[in-house]
Amino acid sequence: MTKKKTKRVLKLFLIVASITSLFFVPWTLVKAWILPLPDTIEEQMDEALAYDFEGMIVYIDQSGKAPQQYAAGWHNRETKTAAKPQALFKIASISKLYDAVALTKLVHKGRISLDKTIADYLPELVGKIEYAKEITLRMMVQHRSGLPNFTDTPDFWSAPTASYEESLALILNKPADFKPDEDYAYCNTNYLILNKIMDNALGYDTFRFIKEEVLIPHNLSNTYNSVLDVAAEDIMSGYHIGHSSDLKMADPNISMVATAEDVGIFLRALHDGSVFKDEEKEIYASLYEFEHAGWVPGYQSFANYYEDIDAVVVQFYNTTDPKLINWNLSEIINKRLYKILKRQ
420 MTKKKTKRVL KLFLIVASIT SLFFVPWTLV KAWILPLPDT IEEQMDEALA YDFEGMIVYI
480 DQSGKAPQQY AAGWHNRETK TAAKPQALFK IASISKLYDA VALTKLVHKG RISLDKTIAD
540 YLPELVGKIE YAKEITLRMM VQHRSGLPNF TDTPDFWSAP TASYEESLAL ILNKPADFKP
600 DEDYAYCNTN YLILNKIMDN ALGYDTFRFI KEEVLIPHNL SNTYNSVLDV AAEDIMSGYH
660 IGHSSDLKMA DPNISMVATA EDVGIFLRAL HDGSVFKDEE KEIYASLYEF EHAGWVPGYQ
720 SFANYYEDID AVVVQFYNTT DPKLINWNLS EIINKRLYKI LKRQ
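For the sequence shown, the working numbering gives the first residue as 420, with consecutive numbering after it.
Structure follows, in structure tokens:
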């Protein structure tokens with residue numbers, strides 16, 4: 420076959436592959452992507468509710484403008500209570516940003532070393548966690564440890580664990596996913612163990628340290644360790660498609676809760692460096708990212724920063740689904756919100 424013919428065949432193959440792939444992409448996602456962009460944030464949120472989302476909250480802090488807060492849909496579907504911009508929400512893995520800041524501060528204080536290992540801080544895990552003598556704190560915070568992810572345990576979300584011990588037990592004596600520092604894999608076990616190490620170094624719960632070092636100095640009075648710390652009616656209801664119950668009080672120890680505004684103020688402080696002292700920002704920048712997303716059943720959360728328009732945007736969606744179609748939908752909507760802000 421000549422080079423010219425080969426190119427034609429390859430081009431035809433790529434066209435056929437592209438057309439075929441459309442049959443495997445839910446039409447809902449295609450529609451959300453190609454619809455004309457609305458003029459306002461409110462219109463885009465109303466459009467989002469036309470999919471499977473019960474409710475949505477957006478907080479925007481853009482340089483040169485007063486912060487904006489929006490809400491659409493239901494705060495509580497059963498009571499027909501409208502969504503509230505100041506509602507509390509399960510922020511799930513966004514909490515890793517707070518944990519990484521806490522770790523940074525403890526490193527700066529000399530209380531913890533990033534280059535020490537699991538074996539150094541939790542010697543009882545040697546022989547129960549593969550490579551415990553090689554996995555450093557730095558590798559864990561960067562998701563380069565190779566530890567198995569305890570939340571990947573089959574049927575985990577149907578009955579989540581309620582303690583460090585129960586969660587850790589799910590991965591003990593299991594082979595590593597890869598050798599330490601040889602790959603990357605997002606893994607909740609990393610932060611489970613990091614929190615235990617920080618608890619031990621402090622002599623008390625890491626969230627108390629976060630409260631003293633981050634929340635109080637920045638007047639973040641609407642950020643809590645658990646749904647059990649607040650009035651249930653203040654929490655936005657969470658729904659999982661195929662599951663009839665409101666999930667806001669389910670699995671109370673699985674997530675921090677906060678308002679979108681509190682998350683936005685924290686994210687701004689993370690980016691402008693005001694959450695840090697002295698050399699802490701440089702330590703943090705070498706360790707972890709400056710934005711995050713989170714997922715637990717009923718709750719999807721996104722904390723984004725757009726440098727080109729100097730804007731912090733926090734998005735909360737209170738509906739999840741087994742196939743994560745809503746996750747992909749929310750990422751599309753987030754990009755459209757950014758485009759609207761950029762165009763304004």
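By construction, the Cβ of each residue, glycine as well, lies at the ideal position given by its N, Cα and C atoms.
Query                                                                                                                             : Result
Inter-residue spacing [alpha-carbon to alpha-carbon] between Lys484 and Ile751                                                    : 25 Å
C-beta atoms of Thr417 and Leu689 nearer than 8 Å                                                                                 : The question about residue 417 has no answer here: the residues shown for the chain are numbered 420 through 763.
Reduced DSSP secondary structure (H/G/I, E/B, other) of Gln719                                                                    : strand
Beta-bridge pairing of Ile479 - partner residues as DSSP gives them                                                               : Gln487 and Val732
Which residues DSSP lists as bridging His711, in chain order                                                                      : Ala722
Residue nearest to Asp534 in terms of C-alpha spacing, selected from Gly474, Arg557 and Val449                                    : Arg557
Reduced DSSP category for His494 - H, G, I as helix; E, B as strand; rest coil                                                    : strand
Beta-carbon separation (whole angstroms), Asn745 vs Gly717, contact threshold 8 Å                                                 : Not really, about 11 Å apart at Cβ, beyond 8 Å.
Cβ neighbour criterion (16 or more within 10 Å) applied to Pro486                                                                 : exposed
Pairwise C-alpha distance: Ile702 and Pro636                                                                                      : 20 Å
Thr570 versus Thr580: straight-line alpha-carbon distance, rounded                                                                : 9 Å
Coil, strand or helix - Thr642 by DSSP                                                                                            : strand
Lys499 to Phe735 span [Cα, whole Å]                                                                                               : 19 Å
Short Cβ contact (8 Å threshold) for Ile513 with Val682                                                                           : yes
Separation of Gly529 from Glu466, as counted between CA atoms                                                                     : 50 Å
Through-space distance from Val733 to His711, alpha-carbon basis                                                                  : 10 Å
Residues of its chain near Val545, where Cβ-Cβ distance is below 7 Å and the 5 sequence neighbours each way are ignored           : Ala538, Ala551 and Lys552
Residues near Leu760 in its chain [Cβ-Cβ closer than 8 Å; skip 5 each side]                                                       : Ile460, Ile479, Gln481, Tyr725, Ile728, Ala730 and Val732
Cβ neighbours of Lys700 in the same chain (closer than 7 Å, five flanking residues each side left out)                            : Gly692
For Met655 and Asp648, the rounded distance between their alpha carbons                                                           : 14 Å
Contacts around Ile673, its chain only, beta-carbon distance under 7 Å, and the 5 residues preceding and following it disregarded : Pro579 and Val715
Distance between Tyr658 and Ser577 (C-alpha atoms, nearest Å)                                                                     : 14 Å
C-alpha distance - Ser440 paired with Trp446, whole-angstrom precision                                                            : Any reading at Ser440 is ruled out, since the residue's pLDDT is 40, under 50, leaving its predicted position unreliable.
Same chain only: Cβ atoms within 7 Å of Phe442, ignoring 5 sequence neighbours per side                                           : The predicted position of Phe442 is uncertain, since its pLDDT is 44 and thus under 50; a value taken from the coordinates is nonetheless stated next. Within the same chain, Phe442 has no close Cβ partners at all.
Straight-line gap, Ser645 to Ala506 (C-alpha atoms, nearest Å)                                                                    : 14 Å
Neighbourhood of Ala451 by C-beta distance below 6 Å, restricted to the same chain and skipping five residues each side           : Leu748 and Ile751
Between the CA atoms of Ser720 and Gly713 - distance to the nearest angstrom                                                      : 5 Å
According to DSSP, residues forming a beta bridge with Ala501                                                                     : Trp493
DSSP-derived helix/strand/coil call for Gln623                                                                                    : First, the residue type needs correcting, since residue 623 is Tyr and not Gln in the sequence shown. Note: Tyr623 maps to coil in three-state DSSP.
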